[in-house]
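> Following this message is one structure expressed as structure tokens.
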Amino acid sequence: MASVSGPIVLVFLDLETTSTDVTTCRIVEFACCSLPGANFAAVVKVPDGILAEPSARAAATVHGIKDSEILEGALFPIVWGRFLDFVDKLLNNYVVDTEEDEDEDSEGESPSSLAWSPRTPRSPRSPLLPRPPDRPPSLLCAAHNGYTLVQKPRA
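Each residue of the sequence shown is one higher than the last, beginning at -6 in my numbering.
This is the structure:
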């Protein structure tokens, strides 16, 4: 496992599919949310013939997405590109809160005070502004039932 140094952006993934067989199913909805609350969701277009299969009919009773909505969705490569844009914005707009105790460093060189000009002391009533992290954030994706998506096939 790779080590992570710096903040972590946690994203919860949710996929709705045409069946539970990960070797043949198609994704019909791709959704995620992050903490503290950015969301992404998109319906994915699947060929009509796949939607008529018995496993897809059974899956539709679980996820509840109508065939008409699926047929109007975007193709997976487009949805995937939109998801990557969403994640890129999450990572590039990540900020950390400035904490009160950081501002009381004896040298005046605490990370939070670097956002302020050293020539212009901040008044005690000035708001504490968020700042970029010292290190770029890492992305951690979590999925319920995600184990079945990554387990190795049995030999």
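All C-beta atoms in this analysis are idealised placements derived from N, C-alpha and C, irrespective of residue type, glycine included.
This one's a predicted model, so the numbers in the text were calculated from it and none came from an experiment.
Under the rule that 16 or more other beta-carbon atoms within 10 Å means buried, what is C18, buried or exposed?
By the neighbour-count rule (16 or more Cβ atoms within 10 Å), C18 is buried.
> Thinking C-alpha only, which one of K82, R75, C134 and Y87 is nearest V37?
The option with the nearest alpha carbon to V37 is R75.
> Counting only runs that start and end within the region 5 to 32, where is the beta strand (DSSP E) found for 3 or more residues in a row?
Taking only runs of at least 3 residues, the beta strand (DSSP E) segments lying wholly in the region 5 to 32 are 20 to 27.
> Give the DSSP-derived three-state secondary structure of D2 in the structure shown.
The residue you asked about is not Asp; residue 2 is Val in the sequence shown. V2 falls in the strand class under three-state DSSP.
> Who are S131's beta bridge partners in DSSP?
For S131, which the question treats as bridged, DSSP gives the partners I1.
> Can the beta-carbon of S12 be found less than 8 Å from the beta-carbon of A52?
Yes, the Cβ-Cβ distance between S12 and A52 is below 8 Å.
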